[in-house]
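Sequences listed follow chains A and B, in order.
Under my numbering, the first sequence has 160 at position 160, and the numbering climbs by one with no breaks.
Under my numbering, the second sequence has 143 at position 143, and the numbering climbs by one with no breaks.
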Amino acid sequence: MHATVESKLDPIDAVIDEVCLAGDPWAKVLKRGQTFRIVDLEGNQAVDTIFYSAADVGERYSLTHTIQAQGALYLTAGSVLMSSEARPMLTITADTCGRHDTLGGACSCESNTVRYAIEKRTMHSCRDSFMLALAQIDAGSEAMSGVPRLTKRDVVSNINFFMNVPVTPAGKLTFEDGISAPGKYVEMRAEMDVVVLVSNCPQLNNPCNGYNPTPVRFLVWDPA
Amino acid sequence: MQTNFNTLTPLARAAVPDRSTPYSPELVLWEDNLPGGAHWSGVLRRGTALRLIDLEGRANVSALFFNQDQKTERYNMPDTLKAQHTAHLTRGHALYSDMGRVLCSIPEDSCGWHDTVCGVIDADTVRRRWGDANYQAHRNGMYRNGHEGFLVELAKWGLDRRDVVANVNFFSKAVADEAGRLRFNTTHRAPGQHVDVRFEMNVLLVLSSAPHPLDPATSYAPTPVRLTAWRSGTAGADDVCRRLCPENDRGYINTERGFL
């Protein structure tokens, strides 16, 4: 059982309230002080997420800085997401799921060939969604307005919200059934202006999405 | 039928030696000493291996790996761990790029555990833990950190901070408890331990021998590593890394298609 912390924020007050369909990318700029919530609408949905400093995308979420700062692998309420310059980017303020993964990374066509079968190369993947998002940002997509240009080099290891990837004391990596459920959410406060880049994971070959990728909801609140 | 080693065409199969070549002194190409706290980079070509020897039993070697022919392809920690269901590296493991290919592998290891989740130590952490020792007062005895060591070496190859991804820390071990809390562990260490890193592609290797970020040592005293490059050839059909799991069998096929 994982400790959970609920939020007092009301969706009616949100300044952004959008649904991202299964398998789609999503990108947005958050201002310092704003609160960002991800809702796992139907349960067991991995939400692959990278953050960048909006002022300088060379500074980005760093899993190793985050792990070093908290001396622990998993994320939950109280965790501070650290940048590659060792600065706080966001603080998790509420979490009804209780544990989120830092090590699993994103699925890609290329890693799918390794993990499942060379014949599965053409299945949709998070990395394809990230690459599509980069192209849409580059083309001035209205949905991603204000998001600075990014390149493949900027697509670094992401957080997997709602995903459960325990490491055993013997050093094994295991993929457990999700501990999320319909309506569970995680909420975080931006400590600097940040770009959020998301792939709502389309993986069908393992239990990370319960073999059925589903939509998620993103909400943003201004500071009180 | 799914593609695997046994379904390779005769020409593709002929490109794989029957057996891997173990280390032997007459295969050595060059040797070098890397003092503690130093940084280094160089290209290791496919078919070459680098033996790292922890001379005093307290070394840490932080490492990044890039495809020398297309440097946006680089070591990918999550893909490496997921493919092999492991959270640490040792004999038999392949180090994957983000393109589903094996940059290098570990055919031999007397140490048993190399960390790849804790990252590299930075200047602030060194200062917080051990204080300052600058060049002006200490010359080359100054306290160095792995993050700046990486940045210095990366810049020589046209790379920068955007290329600092989750790295490997050879000879270092950090164990996670049930709650995911990490503890640095030194019980596996001994002077003279070695690990062979065999390059399956042409790889730009970037190293720092600065301390591990979770090392609780009470003084800044990083120790040296011996680098021995040797002509290993490529992984054979019987190779311990290729045969570790079906995932690695496919990873090698992806890799070898680039060199046929």
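All residues carry an ideal CB built from backbone N, CA and C; glycine is no exception.
Note that the structure is a prediction, hence the values are computed from the model and not measured.
field: Distance CB(Gln68(A))-CB(Gly131(B)) smaller than 7 Å
entry: Residue mapping note: residue 68(A) aligns to position 68 of the first sequence, counting from 1. Residue mapping note: residue 131(B) aligns to position 131 of the second sequence, counting from 1. With contacts defined as CB atoms closer than 7 Å, Gln68(A) and Gly131(B) fail to qualify as a contacting pair.
message: Among Leu30(A), Phe36(A), Val39(A), Asp40(A), whose alpha-carbon lies nearest the alpha-carbon of Tyr52(A)?
response: Along the first sequence, read from residue 1 onward, the residue named residue 52(A) stands at position 52. That would be Leu30(A), whose Cα lies nearest to the Cα of Tyr52(A).
- prompt: Taking only beta-carbon atoms, is Glu110(A) less than 7 Å away from chain B?
  reply: On the first sequence, position 110 is the one that residue 110(A) refers to. Yes, Glu110(A) counts as interfacial toward chain B.
field: Per-residue contacts from Pro213(B) into chain A (C-beta, under 7 Å)
entry: Indexing the second sequence from 1 puts residue 213(B) at position 213. Near Pro213(B) (Cβ distances below 7 Å), the residues of chain A are Gln68.
field: For Thr9(B) and Pro202(A), the rounded distance between their alpha carbons
entry: Here the question's residue 202(A) lines up with position 202 in the first sequence. Here the question's residue 9(B) lines up with position 9 in the second sequence. Straight-line Cα distance between these residues: approximately 33 Å.
task: Would you tell me roughly how many angstroms separate the C-alpha atoms of Glu148(B) and Pro224(B), rounded to the nearest one?
output: By one-based count along the second sequence, residue 148(B) stands at place 148. By one-based count along the second sequence, residue 224(B) stands at place 224. Spanning the two alpha carbons is a distance of roughly 18 Å.
field: Supposed close pair Leu214(B), Leu50(B) - CB separation, criterion 8 Å
entry: Taking the second sequence and counting its residues from 1, the one referred to as residue 214(B) is at position 214. Taking the second sequence and counting its residues from 1, the one referred to as residue 50(B) is at position 50. Contact flag wrong, Cβ pair sits at about 25 Å.
- request: Would you list the residues sitting across from Thr49(A) in a DSSP beta bridge?
  value: As a working mapping, residue 49(A) is identified with position 49 in the first sequence. Paired residues: Ile159(A), Val198(A).
- request: Between the Cα of Asn200(A) and those of Ile159(A), Ile16(A), Thr4(A), Ser145(A), spot the shortest distance and give me the residue it belongs to.
  value: For the purposes of this step, residue 200(A) is taken as the residue at position 200 of the first sequence. The candidate whose alpha carbon is nearest that of Asn200(A) is Ile159(A).
query: Going along the stretch 164 to 194 of chain A in order, which residues come within less than 9 Å of chain B, judged by CB to CB distance?
result: Listed in sequence order: Val165, Pro166, Val167, Thr168, Pro169, Ala170, Gly171, Lys172, Leu173, Thr174, Phe175.
message: Cβ closer than 8 Å: which chain B residues qualify as neighbours of Leu103(A)?
response: Start at 1 with the first residue of the first sequence, and residue 103(A) comes out as number 103. Per Cβ cutoff of 8 Å: Met77, Pro78, Leu81, Ala87, Val117.
query: If you measure from the beta carbon of Leu204(A) to each beta carbon in chain B, is any gap under 7 Å?
result: By one-based count along the first sequence, residue 204(A) stands at place 204. Interface flag for Leu204(A) against chain B is unset, since no Cβ pair is found closer than 7 Å.
- request: Answer yes if the stretch 237 to 252 of chain B comes into contact with the stretch 51 to 71 of chain B, meaning at least three C-beta pairs across the two stretches below 8 Å, and no otherwise.
  value: As far as the Cβ criterion goes, the stretch 51 to 71 of chain B does not touch the stretch 237 to 252 of chain B, which means the pair count is below three.
message: Would Ala176(B) pass as an interface residue toward chain A - the criterion being a Cβ-Cβ separation below 7 Å?
response: The residue you call residue 176(B) lines up with position 176 of the second sequence. Interface criterion met: the Cβ of Ala176(B) is under 7 Å from a Cβ in chain A.
field: Backbone secondary structure at Val28(B) - three-state DSSP
entry: Within the second sequence, residue 28(B) is the residue found at index 28, counting from 1. Taken through DSSP and simplified to helix, strand or coil, Val28(B) comes out as strand.
query: Given that Gly210(A) touches chain B, what residues does it touch there, using C-beta distances under 8 Å?
result: The residue labelled residue 210(A) in the question sits at position 210 within the first sequence. Within 8 Å Cβ-Cβ: nothing; Gly210(A) doesn't reach chain B, min ~18 Å.
- request: Taking Thr91(A) as part of the beta strand (DSSP E), name the residues at either end of that continuous run.
  value: Residue numbering aside, residue 91(A) sits at position 91 when the first sequence is read from its first letter. DSSP places Thr91(A) inside the beta strand (DSSP E), whose first and last residues are 88 to 95.
field: Cβ-based burial, Phe259(B) [other Cβ within 10 Å; buried from 16]
entry: Within the second sequence, residue 259(B) is the residue found at index 259, counting from 1. Only exposed fits Phe259(B), as fewer than 16 other CB atoms lie within 10 angstroms of its CB.
Member of Asn167(B), Gly36(B), Pro22(B) whose CA lies at the smallest distance from the CA of Met142(B): Within the second sequence, numbered from 1, the residue matching residue 142(B) stands at position 142. For Met142(B), the nearest C-alpha among the options comes from Gly36(B).
Contact with chain A by Gln2(B), beta-carbon distance below 7 Å: As a first step, residue 2(B) is located in the second sequence; it is residue number 2 there, counting from the start. Taking Cβ atoms only, chain A reaches closer than 7 Å to Gln2(B), which makes this a yes.
- request: For chain A, find out if any of its Cβ atoms is closer than 7 Å to the Cβ of Gly100(B); answer yes or no.
  value: One-based indexing of the second sequence puts residue 100(B) at position 100. True, the Cβ-Cβ gap to chain A drops below 7 Å.
- prompt: Which term fits Ile12(A), buried or exposed, when burial requires 16 or more other beta carbons within 10 angstroms of its beta carbon?
  reply: Looking up residue 12(A) in the first sequence gives position 12. Ile12(A) should be labelled exposed.
message: Buried or exposed, going by whether 16 or more other CB atoms sit within 10 Å of the CB of Gly183(A)?
response: Here residue 183(A) is taken as the residue at index 183 of the first sequence, counted from 1. Classification of Gly183(A): exposed, given that the 10 Å Cβ count is below 16.
task: Put Met192(A) into one of helix, strand or coil per three-state DSSP.
output: By 1-based counting over the first sequence, the position of residue 192(A) is 192. DSSP, reduced to helix, strand and coil, places Met192(A) outside both helices and strands of the structure shown, so it counts as coil.
field: Chain-ordered residues of the stretch 179 to 191 of chain B with a beta carbon less than 9 Å from chain A
entry: So the list reads Ala179, Gly180, Arg181, Leu182, Arg183, given in the order they occur along the chain.
Under the three-state DSSP convention, the category Asn6(B) falls into: Walking along the second sequence from the start, residue 6(B) turns up at place 6. Asn6(B) falls in the helix class under three-state DSSP.
query: So who's on the other strand from Arg60(A), going by DSSP bridges?
result: As a working mapping, residue 60(A) is identified with position 60 in the first sequence. DSSP lists Tyr52(A) as the bridge partner or partners of Arg60(A).
- prompt: Does the distance from the CB of Leu75(A) to the CB of Glu191(A) come in under 7 Å?
  reply: For the purposes of this step, residue 75(A) is taken as the residue at position 75 of the first sequence. For the purposes of this step, residue 191(A) is taken as the residue at position 191 of the first sequence. Their beta carbons are not under 7 Å apart, which means Leu75(A) does not touch Glu191(A) by this criterion.
- prompt: Near Arg32(A), what residues of its chain come up, given a Cβ to Cβ distance below 7 Å and the 5 sequence neighbours on each side ignored?
  reply: One-based indexing of the first sequence puts residue 32(A) at position 32. Once the five neighbours on either side are set aside, the close Cβ partners of Arg32(A) are Ala190, Glu191, Met192, Asp193.
- request: Kindly list, in the order they appear in chain B, the residues whose Cβ is closer than 8 Å to that of Tyr74(A).
  value: Translated into positions along the first sequence, residue 74(A) becomes position 74. For the C-beta of Tyr74(A), the chain B residues within less than 8 Å are, from N- to C-terminus, Ala179, Gly180.
query: Between the C-alpha atoms of Leu204(B) and Thr102(A), what's the straight-line distance to the nearest angstrom?
result: Within the second sequence, numbered from 1, the residue matching residue 204(B) stands at position 204. Within the first sequence, numbered from 1, the residue matching residue 102(A) stands at position 102. Cα atoms of Leu204(B) and Thr102(A): separation of roughly 26 Å, rounded to the nearest angstrom.
- prompt: So which residues on chain B does Ser157(A) lean against when the C-beta distance must stay under 9 Å?
  reply: Here residue 157(A) is taken as the residue at index 157 of the first sequence, counted from 1. At a C-beta separation below 9 Å, Ser157(A) has these neighbours in chain B: Asn76, Met77, Pro78, Val165, Ala166.
- request: Buried or exposed for Asn145(B), please, with buried defined as at least 16 other CB atoms from any protein chain shown within 10 angstroms of its CB.
  value: Along the second sequence, read from residue 1 onward, the residue named residue 145(B) stands at position 145. Within 10 angstroms of the beta-carbon of Asn145(B) lie 16 or more other beta-carbons, which makes it buried.
task: Determine which residues of the stretch 238 to 259 of chain B have a Cβ less than 7 Å from any Cβ of chain A, and write them out in chain order.
output: Answer in chain order: Glu247, Arg250, Gly251, Ile253, Asn254.
Among Glu256(B), Asn202(B), Ser208(B), the one whose alpha carbon lies nearest that of Phe66(B): Your numbering for residue 66(B) matches position 66 in the second sequence. Ranking the options by Cα distance to Phe66(B), first place goes to Asn202(B).
task: Using a Cβ cut-off of 7 Å, pull out every chain B residue sitting near Gly71(A), in sequence order please.
output: Residue numbering aside, residue 71(A) sits at position 71 when the first sequence is read from its first letter. Chain B residues near Gly71(A): Arg181, Leu182.
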